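If you read the sequences in order, they're chains X and Y.
Residue numbers for the first sequence follow the working numbering, beginning at 224 and rising by one.
Residue numbers for the second sequence follow the working numbering, beginning at 547 and rising by one.
Glycine residues also receive a C-beta, built at the ideal position from the N, C-alpha and C atoms.
In this text the structure is predicted, and so the values were computed from the model without any measurement.
Everything below concerns the one structure shown next.
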Amino acid sequence: MLELRELQGAFAAHLKGEDRPDLTEAVVGDTISAAARLRIHRHHVGQSLVGALASTFPTVQAIVGEAFFRALAEGFILRELPAQPVLAEYGAGLPAYVSEYGPAAALPYLADMAQLDWALNLAFHAPLEDRLTASGLAGLPAERLFDLKPALAAGSTLLRSPYPIDRIWHASQPGATVGTVSLEEGPASVLILRRPDDAAFASLDTVEEIFLAALVEGSSLGEAAEAAVSVEPAVDPSRILGRLLALEAFAALQHSS
Amino acid sequence: MQPVAGIGLRSPHLAEIARDRPATGFLEIHAENYLGNSPAHRIVERLREDYEFSVHAVGLSLGSVDGLDEAHLDRVVALIHRLEPTLVSDHLSWSLADGRYFNDLLPLPYTEEALQVVERNVHHLQERLGRRVLVENPSCYLAFAHSTLSEPEFLAELTRRTGCGLLLDANNIVVTAHNLRLDARAWLQGLPPAAIGQYHLAGHAVNDADGEPVLIDDHGSRVGEGVWSLFGEIVRRYGPRPTLVEWDTDLPALDVLLDEARQAGRALGVEAEANARAA
Numbered sequence: 224m225l226e227l228r229e230l231q232g233a234f235a236a237h238l239k240g241e242d243r244p245d246l247t248e249a250v251v252g253d254t255i256s257a258a259a260r261l262r263i264h265r266h267h268v269g270q271s272l273v274g275a276l277a278s279t280f281p282t283v284q285a286i287v288g289e290a291f292f293r294a295l296a297e298g299f300i301l302r303e304l305p306a307q308p309v310l311a312e313y314g315a316g317l318p319a320y321v322s323e324y325g326p327a328a329a330l331p332y333l334a335d336m337a338q339l340d341w342a343l344n345l346a347f348h349a350p351l352e353d354r355l356t357a358s359g360l361a362g363l364p365a366e367r368l369f370d371l372k373p374a375l376a377a378g379s380t381l382l383r384s385p386y387p388i389d390r391i392w393h394a395s396q397p398g399a400t401v402g403t404v405s406l407e408e409g410p411a412s413v414l415i416l417r418r419p420d421d422a423a424f425a426s427l428d429t430v431e432e433i434f435l436a437a438l439v440e441g442s443s444l445g446e447a448a449e450a451a452v453s454v455e456p457a458v459d460p461s462r463i464l465g466r467l468l469a470l471e472a473f474a475a476l477q478h479s480s
Numbered sequence: 547m548q549p550v551a552g553i554g555l556r557s558p559h560l561a562e563i564a565r566d567r568p569a570t571g572f573l574e575i576h577a578e579n580y581l582g583n584s585p586a587h588r589i590v591e592r593l594r595e596d597y598e599f600s601v602h603a604v605g606l607s608l609g610s611v612d613g614l615d616e617a618h619l620d621r622v623v624a625l626i627h628r629l630e631p632t633l634v635s636d637h638l639s640w641s642l643a644d645g646r647y648f649n650d651l652l653p654l655p656y657t658e659e660a661l662q663v664v665e666r667n668v669h670h671l672q673e674r675l676g677r678r679v680l681v682e683n684p685s686c687y688l689a690f691a692h693s694t695l696s697e698p699e700f701l702a703e704l705t706r707r708t709g710c711g712l713l714l715d716a717n718n719i720v721v722t723a724h725n726l727r728l729d730a731r732a733w734l735q736g737l738p739p740a741a742i743g744q745y746h747l748a749g750h751a752v753n754d755a756d757g758e759p760v761l762i763d764d765h766g767s768r769v770g771e772g773v774w775s776l777f778g779e780i781v782r783r784y785g786p787r788p789t790l791v792e793w794d795t796d797l798p799a800l801d802v803l804l805d806e807a808r809q810a811g812r813a814l815g816v817e818a819e820a821n822a823r824a825a
């Protein structure tokens with residue numbers, strides 16, 4: 224007779240695909256065998272986790288189709304089960320798994336699409352905080368403004384890809400009107416944000432991306448402006464800041480000083 | 547809570563319910579879907595002002611030999627303290643082992659050893675929440691040869707040792723009785739009436755295992771006739787309780803779900819007005 228600890232260990236191993244004769248022996252079989260009864264649970268765990276991953280990575284599934292996605296997800300599940308019961312938080316390792324997944328080698332951008340899906344999922348479940356607005360900065364003396372290090376709003380991700388992931392995302396939506404996307408359209412930078420009723424991303428141009436990346440790495444607004452001007456002398460950093468404020472990219476300033 | 551019929555709140559219906567505030571006895575959410583900060587969370591907090599709520603957890607894993615996952619428990623406790631639902635429940639099952647979560651309600655052997663594990667976990671949960679919880683009978687697809695208690699005996703003893711209540715799922719009784727060759731009506735005998743705090747109703751699917759039909763608790767259709775019939779028997783035997791119609795896969799239009807809940811309300815024998823308090 225299996226003690227409960229051994230039984231749960233054996234059951235867990237069975238669910239991960241192992242053959243466990245000790246578990247099969249502990250289960251009552253009749254005209255439906257113990258093995259067939261146990262398979263109902265293995266099947267349910269697999270199916271339900273594939274479904275959870277499909278909800279979290281809808282763009283990946285739209286690109287590769289249901290059957291391909293199922294095989295990919297089943298491989299990932301065998302390697303990495305959820306560590307806790309909130310399924311919306313399961314799948315952080317899927318983009319890395321996709322990048323090594325042999326059958327997807329012909330789709331070099333697929334791992335980046337998985338990263339975009341994951342970032343949108345993170346943003347969707349992030350708290351909706353107050354954002355920094357232009358009026359929140361009005362009245363600050365220039366030196367204070369230059370020294371300011373605004374933080375991205377909770378749940379935001381800045382994502383860079385050598386592929387046009389923004390165009391691919393739009394082309395993969397149900398009822399998309401974008402036609403074919405050429406990988407020659409080149410790299411893309413997107414900022415993923417929690418919005419009041421959903422999560423969304425905005426495409427950034429090269430200078431905006433350099434400016435924002437500097438802030439993400441801890442630079443001040445003044446340093447970020449210098450970084451932007453150094454690659455594009457004609458750029459107006461206040462235009463970039465204005466766009467990021469309009470996107471509500473930053474958390475409101477803490478009222479500490 | 548009055549013994550009224552309510553519905554499960556599922557995200558595809560959220561906007562419609564928030565806009566129309568349909569009449570139904572209460573709303574039930576799955577705890578694990580509301581532990582983050584998605585936009586749905588804010589809608590639920592607003593709905594809470596107009597509806598009574600039941601919080602149904604699916605991932606506490608009351609049967610885990612290693613005890614409850616404290617990090618997860620902290621989040622569930624915080625949700626329940628914020629929402630102050632009328633009812634709180636989870637299942638007689640386990641889903642966590644060695645730090646891995648298996649998204650299923652996995653079966654326990656009904657032994658004294660397992661009873662002590664569940665007893666410890668339910669005690670701890672009720673202490674953390676500062677309130678009584680309801681424990682639901684699961685859908686069973688297998689039985690363990692070394693079980694020494696029947697499922698109802700196990701549940702009755704659990705309520706005696708912990709003071710917890712019971713959530714009787716009529717669909718799960720039908721599914722379990724079919725799959726384990728038990729008599730559903732005999733299953734009902736000997737439960738402690740005062741412990742029964744809620745009923746669940748749902749549809750199930752019929753699949754094939756070794757060439758034989760096996761019932762699968764998929765919450766993907768209208769409540770079947772066999773389940774309605776057993777539910778009538780439950781209400782006659784134990785009286786009306788708050789009753790939830792669960793529907794999780796192949797979700798129908800909200801009207802269909804509300805219609806099922808109205809039928810449940812009629813089976814409870816309560817007046818239509820009692821089911822329409824939130825109108």
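Below-8 Å beta-carbon distance, residue i vs any chain Y residue
i	result
Leu238 (chain X)	yes
Gly232 (chain X)	yes
Thr247 (chain X)	no
Gln307 (chain X)	yes
Phe347 (chain X)	yes
Asp242 (chain X)	no
Pro281 (chain X)	no
Asp340 (chain X)	no
Asp335 (chain X)	no
Asp353 (chain X)	no
Beta-carbon contacts of residue i that lie in its chain and below 6 Å, excluding the five residues immediately before and after
i	result
Ala277 (chain X)	Gln284
Gly711 (chain Y)	Arg678, Leu680, Ala741, Gly743
Ile553 (chain Y)	Thr570, Val791, Leu803, Ala807
Pro460 (chain X)	Ala448, Ala451
Ala236 (chain X)	Arg243
Which listed residue (the options) has its alpha carbon closest to that of residue i
i	options	result
Glu229 (chain X)	Y:Leu654, Y:Pro786, Y:Ala807	Y:Leu654
Ala469 (chain X)	X:Ala376, X:Val458, X:Ala257, X:Glu289	X:Ala376
Ile255 (chain X)	Y:Asp754, Y:Ile762, Y:Arg646	Y:Asp754
His267 (chain X)	Y:Leu629, Y:Cys686, Y:Glu665, Y:Asn583	Y:Cys686
Pro798 (chain Y)	Y:Arg783, Y:Ala603, Y:Ser767, Y:Arg808	Y:Ser767
Leu464 (chain X)	X:Leu295, X:Ala357, X:Leu304, X:Ile415	X:Ala357
Ile575 (chain Y)	Y:Ala732, Y:Val664, Y:Ser635, Y:Leu734	Y:Ser635
Val413 (chain X)	X:Ile263, X:Leu272, X:Ala436	X:Ala436
Leu814 (chain Y)	Y:Gly785, Y:Glu792, Y:Asp805	Y:Gly785
Leu737 (chain Y)	Y:Leu713, Y:Pro698, Y:Leu560	Y:Pro698
Met336 (chain X)	X:Gly314, X:Thr282, X:Ala306	X:Thr282
Val439 (chain X)	X:Ser322, X:Pro373, X:Tyr313, X:Leu363	X:Pro373
Ala457 (chain X)	X:Val430, X:Leu304, X:Gln477, X:Gly441	X:Val430
Leu661 (chain Y)	Y:Ile626, Y:Ala702, Y:Gly778	Y:Ala702
Thr708 (chain Y)	Y:Asn667, Y:Ala691, Y:Leu734, Y:Leu688	Y:Asn667
Test: residue i CB closer than 8 Å to a CB of chain X
i	result
Trp640 (chain Y)	yes
Pro568 (chain Y)	no
Leu675 (chain Y)	no
Glu578 (chain Y)	yes
Ala702 (chain Y)	no
Ser584 (chain Y)	yes
Ala732 (chain Y)	no
Arg646 (chain Y)	yes
Tyr687 (chain Y)	yes
Any non-hydrogen atom of the ligand ATP closer than 7 Å to residue i Cβ
i	result
Ala296 (chain X)	No copy of the ligand ATP appears in this structure; indeed no ligand is present at all.
Expected contact under 8 Å - CB spacing of residue i and residue j to nearest Å
i	j	result
Leu467 (chain X)	Leu371 (chain X)	Rounded, the Cβ-Cβ distance is 12 Å, inconsistent with contact.
Asp596 (chain Y)	Arg567 (chain Y)	6 Å
His618 (chain Y)	Pro308 (chain X)	6 Å
Thr279 (chain X)	Asp340 (chain X)	7 Å
Asp715 (chain Y)	His746 (chain Y)	4 Å
Ala589 (chain Y)	Leu560 (chain Y)	At residue 589 (chain Y) the sequence reads Ile, which differs from the Ala that was named. Sure, about 6 Å apart at Cβ, within 8 Å.
Ser693 (chain Y)	Thr657 (chain Y)	6 Å
7 Å CB neighbourhood of residue i in its chain, flanking five on each side removed
i	result
Asp245 (chain X)	Leu225, Ala233
Gly770 (chain Y)	Gly749, His750
Leu642 (chain Y)	Ser607, Ser610, Asp615
Val250 (chain X)	Ala257, Arg260, Leu261
Leu360 (chain X)	Leu368
Glu408 (chain X)	Pro387, Arg390
Cutoff 8 Å; reference residue i; Cβ partners in own chain excluding five residues on either side
i	result
Arg565 (chain Y)	none
Within chain A, the residues that residue i reaches when beta carbons sit closer than 8 Å
i	result
Val663 (chain Y)	Protein chains in the displayed structure are X and Y, and chain A is not among them.
Could you give the uninterrupted runs of the beta strand (DSSP E) lying entirely in the region 724-772 of chain Y, keeping only those of 3 residues or more? 742-747, 751-755, 758-762
At 4 residues or longer, and completely inside the region 647-725 of chain Y: list those alpha helix (DSSP H) runs for me, N to C. 658-675, 697-708, 716-725
Report the residue ranges of all alpha helix (DSSP H) runs contained in full by the region 308-384 of chain X; include only those spanning at least 4 residues, in chain order. 317-323, 333-347, 357-360, 365-370
I'd like the ranges of any alpha helix (DSSP H) spanning at least 4 consecutive residues and lying wholly in the region 273-301 of chain X. Here the runs fully enclosed are 281-287.
Give, in chain order, every unbroken run of the beta strand (DSSP E) that is at least 3 residues long and sits entirely within the region 590-624 of chain Y. 599-602
4-residue-minimum alpha helix (DSSP H) runs that sit fully inside the region 392-473 of chain X, ordered along the chain: 429-439, 444-454, 460-469
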